[in-house]
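The block underneath contains the structure these notes are about, expressed in structure tokens.
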Amino acid sequence: MNQSKFTYEQLGAEIYNISRITGTFQLRSGATSTVYFDKYRFESDPSVLQSIAEHLAKLIPEGTDRLIGLEMGGIPLATATGLLTGTKLGFCRKKAKEYGTMLQVEGGIEKGEKITIIEDVVTSGGAAVDAINALRESGCEILALVCVIDREAGAGEKFQSMGVDFRALFTWSILDKIAGKNKNH
């Protein structure tokens with residue numbers, strides 16, 4: 002594995018600088034926010050994506066058989082991390098396809114596999130909860146959910162109550178601290 006271009010703090014500052022935008026934004030949870038992290042800005046920059054994957058790889062629990070990227074932002078993150086670690090991949094849609102395989106979970110997932118879910122930004126955790134349930138219905142064991150940014154809006158507690166270890170590379174407050182900001186969100 003190559004050494005990351007960015008230290009942890011440098012990566013946080015880079016993510017903050019290239020993807021933090023202000024305005025009025027409706028979140029998936031239905032809440033509104035005046036600050037938004039546009040994940041596609043950090044996922045579409047090759048050097049930032051590689052550094053994120055290198056840092057995420059350190060958060061993957063031992064014994065993980067497969068990384069599952071959540072549609073859509075979790076897919077490039079899981080792919081980049083899987084390439085670095087050599088871990089098999091899979092992908093989870095928001096809902097099952099209505100044609101072809103008619104599957105929600107893709108990638109040849111096998112019953113009994115130990116899964117780590119990769120997500121980009123987590124707020125309420127709604128999409129991740131749906132994926133956890135779909136993967137469990139497929140007979141998988143969920144070891145952890147790993148994300149790049151936790152907006153600290155209660156998702157971690159929700160995952161813990163479901164028996165899923167939650168690991169965030171950055172929290173909202175850590176990114177603010179790294180950027181030298183101390184504002185409410």
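Heads up, the sequence shown is in this note's numbering, so the first residue is 2 and it goes up one at a time.
Cβ coordinates follow ideal geometry from the N, Cα and C atoms, glycine included.
Point to revise | Contact belief for PHE171 with GLY13 at Cβ below 8 Å, rounded distance in angstroms | key: Taking the first residue of the sequence shown as 1, we reach residue 171 at position 170. Taking the first residue of the sequence shown as 1, we reach residue 13 at position 12. Sure, about 6 Å apart at Cβ, within 8 Å.
Review point. Does DSSP classify ARG152 as helix, strand or coil?
Key: Within the sequence shown, the letter at position 151 stands for residue 152. Residue state for ARG152 is assigned as coil, using DSSP reduced to three classes.
Exercise for review: Identify whether GLY118 lies in helix, strand or coil by the three-state DSSP scheme.
Suggested key: As a first step, residue 118 must be located in the sequence shown, where it is residue number 117. Note that residue 118 is Ile in the sequence shown, not Gly. In the structure shown, ILE118 sits in a strand (DSSP, three-state: E or B).
Point to revise | Nearest-angstrom Cβ-Cβ length linking LEU71 and ALA132, presumed shorter than 8 Å | key: Locating residue 71 in the sequence shown gives position 70, counting from the first residue. Locating residue 132 in the sequence shown gives position 131, counting from the first residue. Yes, they are in contact, since the Cβ atoms of LEU71 and ALA132 sit about 5 Å apart, within 8 Å.
Review point. On the three-state DSSP scale, how would you describe LEU104?
Key: Against the sequence shown, residue 104 aligns to sequence position 103. In this structure, LEU104 counts as coil in the three-state DSSP scheme.
Point to revise | Beta-carbon proximity check, ALA180 vs TYR17, cutoff 8 Å | key: Reading the sequence shown from its first residue, position 179 is the one you call residue 180. Reading the sequence shown from its first residue, position 16 is the one you call residue 17. In contact: ALA180 and TYR17 (Cβ atoms closer than 8 Å).
Review point. How would you label SER45, buried or exposed, when you count the other beta carbons within 10 angstroms and need 16 or more for buried?
Key: Position 44 of the sequence shown, counted from the first residue, corresponds to residue 45. So SER45 ends up on the exposed side.
Exercise for review: Counting only the same chain and skipping the five closest in sequence on each side, list residues whose C-beta sits under 8 Å from that of ALA54.
Suggested key: Along the sequence shown, one-based indexing puts residue 54 at 53. Same-chain partners within the cutoff: LEU78, ALA81, THR82, LEU84 and LEU85.
Check your understanding: Is DSSP giving ARG94 helix, strand or coil here?
Key -> On the sequence shown, residue 94 is found 93 positions in, with the first residue counted as 1. Residue state for ARG94 is assigned as coil, using DSSP reduced to three classes.
**Study point:** From SER30, ARG29 and SER34, residue whose alpha carbon lies closest to that of THR23
**Key:** Position 22 of the sequence shown, counted from the start, is the residue given in the question as residue 23. Comparing Cα-Cα distances from THR23 to each of SER30, ARG29 and SER34, the minimum goes to SER34.
Exercise for review: Pull up the distance between the alpha-carbon of LEU144 and that of ARG168, whole angstroms please.
Suggested key: In the sequence shown, counting from the first residue as 1, residue 144 sits at position 143. In the sequence shown, counting from the first residue as 1, residue 168 sits at position 167. Rounded to whole angstroms, LEU144 to ARG168 spans 11 Å at the Cα level.
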